[in-house]
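This report concerns only the one structure given below.
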Amino acid sequence: MMKFTKALLIGAMIWMSTVAVATAAGNGDIKLGYIVLDETGNLSVNRATFNDYEGASLSLENFRYDFKNGMLLRANLRNMTMNNRNLTADIGKAGLFSLKLSHNQFRRIYDFHGGSTTRRHNEGASLSFHPVRYIELFGGGASMGRTGSTTDLFSPSPIGDKVDVDYKQYFYNGGARITYRGMMLAGEFRGNQFRDNHNDTRDQDRLEGRLTATVPVPRYDWIVLQGGFRNFVTKYKQTDFTISSKRGWGAAALALPADLTFKYFVMLDRTSSDSDYTATDNLVQAFYAGYTNLRYGGVTVGYPYDVNDQYLEQTKANSFYGSGWFKPMPRVELRAEYGNRAEDVKEGVRLVGNEDLNRFRVSGKYRYTDIGNIAIKYEGKVRKNDDIGSKVTLNRATIDCGVTLKKYAIVTAGYSYGKGDYENSESNFKFTDHLLYGDATSREYHGLMVSVGATYYRSKRDLDVESFNIRCSGAFRFYDDMRFEAIYNVHNFDDFLVRDEYYTANIVEINLIKGLSF
Numbered sequence: 001m002m003k004f005t006k007a008l009l010i011g012a013m014i015w016m017s018t019v020a021v022a023t024a025a026g027n028g029d030i031k032l033g034y035i036v037l038d039e040t041g042n043l044s045v046n047r048a049t050f051n052d053y054e055g056a057s058l059s060l061e062n063f064r065y066d067f068k069n070g071m072l073l074r075a076n077l078r079n080m081t082m083n084n085r086n087l088t089a090d091i092g093k094a095g096l097f098s099l100k101l102s103h104n105q106f107r108r109i110y111d112f113h114g115g116s117t118t119r120r121h122n123e124g125a126s127l128s129f130h131p132v133r134y135i136e137l138f139g140g141g142a143s144m145g146r147t148g149s150t151t152d153l154f155s156p157s158p159i160g161d162k163v164d165v166d167y168k169q170y171f172y173n174g175g176a177r178i179t180y181r182g183m184m185l186a187g188e189f190r191g192n193q194f195r196d197n198h199n200d201t202r203d204q205d206r207l208e209g210r211l212t213a214t215v216p217v218p219r220y221d222w223i224v225l226q227g228g229f230r231n232f233v234t235k236y237k238q239t240d241f242t243i244s245s246k247r248g249w250g251a252a253a254l255a256l257p258a259d260l261t262f263k264y265f266v267m268l269d270r271t272s273s274d275s276d277y278t279a280t281d282n283l284v285q286a287f288y289a290g291y292t293n294l295r296y297g298g299v300t301v302g303y304p305y306d307v308n309d310q311y312l313e314q315t316k317a318n319s320f321y322g323s324g325w326f327k328p329m330p331r332v333e334l335r336a337e338y339g340n341r342a343e344d345v346k347e348g349v350r351l352v353g354n355e356d357l358n359r360f361r362v363s364g365k366y367r368y369t370d371i372g373n374i375a376i377k378y379e380g381k382v383r384k385n386d387d388i389g390s391k392v393t394l395n396r397a398t399i400d401c402g403v404t405l406k407k408y409a410i411v412t413a414g415y416s417y418g419k420g421d422y423e424n425s426e427s428n429f430k431f432t433d434h435l436l437y438g439d440a441t442s443r444e445y446h447g448l449m450v451s452v453g454a455t456y457y458r459s460k461r462d463l464d465v466e467s468f469n470i471r472c473s474g475a476f477r478f479y480d481d482m483r484f485e486a487i488y489n490v491h492n493f494d495d496f497l498v499r500d501e502y503y504t505a506n507i508v509e510i511n512l513i514k515g516l517s518f
């Protein structure tokens, strides 16, 4: 059935594109190519090449087709003949309807030689329809399946035991949305079925219903009220064990004079199960105030407060948030952001005790329209728990730049430095990351275009990892609508602390591309 579904999806997309070629104006690229893949080392250590395959490929890319009646068809059907295919297509008419289809596959490798792998496939469809101007009906469905075998990382065996995987998930939803003069009312149901062919105790059904509304206050349109309710239920098929959650929320936004804004948000959530009489309540409130001047900058401050109330314990948390941006001159933009959250266990005893969280980010960007831009950013996070003697500190500095040489090329480059410290009463773990990247793409000259890029990563201290990727490509245009393209990629990974954690791949891709224009 799954193979038939895939074939039907591919056939429908190709048929739609063929009809487009025959009956209307459009454009796109048909690509016929071949990929050569040469790998050595541990196939499970380099995620970037998990989904690469060797063989012939056929693609229809950047396809666009305009019907005379206003409908629009678009499609990207990449690698239709290969196991890493990625297919998307949509057709619709503005203000009337939209239909979207998708299918993709992904492989993950878990052992040295590639014998332990899983393959994941996703299919989806969604439809929206406007019977009248102010009403939208929508719905859709999707499926996801995963088969193969993984490696149990916690097995006492030195090489890890294989664990067979075979499960599917099905998703569906439907609803309606009404919008009129700034008001909105929407209702939606969502369903999810999970089926495990190896362990039916994991089989479960999930249902969710939600209702949301937005309305400006009559005669006071500078005040906007929002609210909603959600009911979520999970039921296990074998035992009938049920978990449910009910959530209600509301918000108010005020657009005050002098470019001032004020927002208030409140949410109450209760989660319980049918196994006992206990429940967990969560209450969240947040206040935000802001000022914005579109020419020079703006500032926002906020105070969130939340309570988690369980059967034997209650935890409260106070937070603070502040952010701002400033343009001292038209080409310069400065930004800053800070957030803090402090927890306090008011009743009972929690295993991990109280936690304090802090985060910040500052950045600056300079734009020069005709030449390029440069941006710098520094950010950090601190998570601290005095009760168990733990502290996590993460900091990262990044610089990016781009240069446009009108007659010659576009060049981008950047460097990122990161540092992390994990400390507790028993042990410490520290790392330092360096990431260097760059890319240069030439302008087309007599039909010829070339590109070269590279990414280099190095991690030190308690880690000792090195990886890099070098990319080179060239394309030559002939007969106005034909292109020959050659792409070469090198991937390399080495973990110098583990003997068999190494990998090298050389990938060559050759394509003949026919441009469509009709």
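So in my numbering the end of the sequence shown lands on 518, straight run, no missing numbers. All C-beta atoms, glycine included, are put in the ideal place defined by N, C-alpha and C.
Practice problem: Pick helix, strand or coil for V21, following the three-state DSSP scheme. | Solution: Interpretation of V21 is limited by its pLDDT of 42, a score under 50 that renders its predicted location unreliable; the figure taken from the coordinates is listed afterwards. Correct three-state label for V21: helix.
Quiz item: Quick one, are the C-beta atoms of G145 and S126 less than 8 Å apart?
Solution: With contacts defined as CB atoms closer than 8 Å, G145 and S126 fail to qualify as a contacting pair.
Quiz item: Going by other Cβ atoms of all chains shown within 10 Å of its Cβ, with 16 needed for buried, is R443 buried or exposed?
Solution: Exposed, because fewer than 16 other Cβ atoms sit within 10 Å of the Cβ of R443.
Quiz item: Going by DSSP, what residues sit across from L283 in a beta bridge?
Solution: Note: L283 is bridge-paired with L268, V307 in the DSSP secondary-structure output.
Practice problem: Could you please give me the residues that DSSP links to I507 through a beta bridge? | Solution: Under DSSP, I507 takes part in a beta bridge, and its partners are L37, N489.
Quiz item: How would you call T23, buried or exposed, if buried means at least 16 neighbouring beta carbons within 10 angstroms?
Solution: Note that T23 scores 48 on pLDDT, short of 50, meaning its location in the model is unreliable; the coordinates nonetheless yield the value given after this. The residue in question, T23, is exposed, as its Cβ has fewer than 16 Cβ neighbours within 10 Å.
Quiz prompt | Sequence-distant residues of the same chain with beta carbon closer than 6 Å to G182, five excluded per side | solution = Hits under 6 Å: P216.
Self-check item: Under 8 Å between C-beta atoms of T239 and D274
Solution: Result no, Cβ atoms of T239 and D274 do not sit closer than 8 Å.
Quiz prompt | Same chain, Cβ closer than 6 Å to L96, five either side skipped, listed in chain order | solution = H130.
Quiz item: Between G114 and R64, which are expected to be in contact by the criterion C-beta below 8 Å, what is the C-beta distance as a whole number of angstroms?
Solution: Wrong, their Cβ atoms sit about 38 Å apart, outside the cutoff.
Quiz item: Is DSSP giving R107 helix, strand or coil here?
Solution: Three-state DSSP puts R107 in a strand.
Quiz item: In terms of residues, what are the limits of the beta strand (DSSP E) holding A258?
Solution: Note, A258: premise wrong, no beta strand (DSSP E); not H, not E.
Quiz item: So what does DSSP say about A48, is it helix, strand or coil?
Solution: Helix.
Quiz item: Going straight from the alpha carbon of T214 to that of I223, what length do you get?
Solution: T214 and I223 have their alpha carbons spaced roughly 11 Å apart.
Quiz item: Going by DSSP, which residues form a beta bridge with S473?
Solution: According to DSSP, which records beta bridges pairwise, S473 is partnered with S451, I487.
Practice problem: State the Cα-Cα distance for the pair V382 and R359, rounded to the nearest angstrom. | Solution: As the crow flies, the alpha-carbon of V382 is around 6 Å from that of R359.
Practice problem: Ignore the nearest five residues each way along the sequence and tell me which others in K407's own chain have a CB closer than 7 Å to its CB. | Solution: Contacts found: R443.
Exercise. Specify, as a first and last residue, the run of the beta strand (DSSP E) that Y437 falls within.
Key: In the DSSP assignment, Y437 falls within the unbroken beta strand (DSSP E) covering 428-442.
Quiz item: Who are M183's beta bridge partners in DSSP?
Solution: Under the DSSP definition of a beta bridge, M183 partners with Y180.
Quiz item: Just how far apart, CA to CA, sit D462 and F429?
Solution: Rounded to the nearest angstrom, the two C-alpha atoms are 6 Å apart.
Quiz prompt | Closest by C-alpha distance to E61, when choosing among Y172, L77, Q285, G33 | solution = Residue L77 is the option with its Cα nearest to E61.
Quiz item: Thinking just about the alpha-carbon of each residue, which of L357, L256, I487 is nearest to the one in D221?
Solution: For the residues L357, L256, I487, the minimum Cα distance to D221 belongs to L256.
Quiz item: In the DSSP assignment, what are the bridge partners of E136?
Solution: DSSP lists R177 as the bridge partner or partners of E136.
Quiz item: Quick one: Cα of Q105 to Cα of A48, how far?
Solution: Rounded to whole angstroms, Q105 to A48 spans 15 Å at the Cα level.
Quiz item: What is the DSSP secondary structure of T239, reduced to helix, strand or coil?
Solution: It is coil, neither helix nor strand.
Quiz prompt | Nearest residue (CA-CA) to A342, options Y422, L357, Y172, K235 | solution = Ranking Y422, L357, Y172, K235 by CA distance to the CA of A342 puts L357 first.
Quiz item: In terms of residues, what are the limits of the beta strand (DSSP E) holding D205?
Solution: Per DSSP, the unbroken beta strand (DSSP E) holding D205 starts and ends at 204-217.
Quiz item: Identify the residues that DSSP records as bridge partners of V332: which are they?
Solution: V332 is bridged to M329, Y366.
Exercise. Alpha carbon to alpha carbon, how far is V45 from R361? Give it in angstroms, no decimals.
Key: Distance between the alpha carbons of R361 and V45: 32 Å.
Practice problem: Return the chain-ordered list of same chain residues with a C-beta closer than 6 Å to the C-beta of R270, the five sequence neighbours on each side being excluded. | Solution: The answer, listed in chain order, is K246, A279, D281.
Practice problem: Please work out which residues of its chain come closer than 6 Å, Cβ to Cβ, to Y236, disregarding the five sequence neighbours upstream and downstream, and give them in chain order. | Solution: Closer than 6 Å at Cβ, skipping near neighbours: Q204.
Quiz item: If you compare alpha carbons, which of G175, T300, Y291 is closest to D259?
Solution: For the residues G175, T300, Y291, the minimum Cα distance to D259 belongs to Y291.
Exercise. Classify D200 as helix, strand or coil using the three-state DSSP reduction.
Key: The answer is helix: DSSP assigns D200 an H, G or I state.
Quiz item: In this structure, does DSSP put F496 in helix, strand or coil?
Solution: Residue state, collapsed to three classes: coil.
Practice problem: Tell me whether G191 sits in a helix, a strand or coil according to DSSP, three-state version. | Solution: Looking at G191 - three-state DSSP - the assignment turns out to be strand.
Quiz prompt | Own chain, CB closer than 6 Å to Q226, minus 5 neighbours either side, in chain order | solution = Spatial neighbours of Q226 in its own chain (CB-CB distance under 6 Å, excluding positions within 5 residues in sequence) are listed in chain order as T214, A251.
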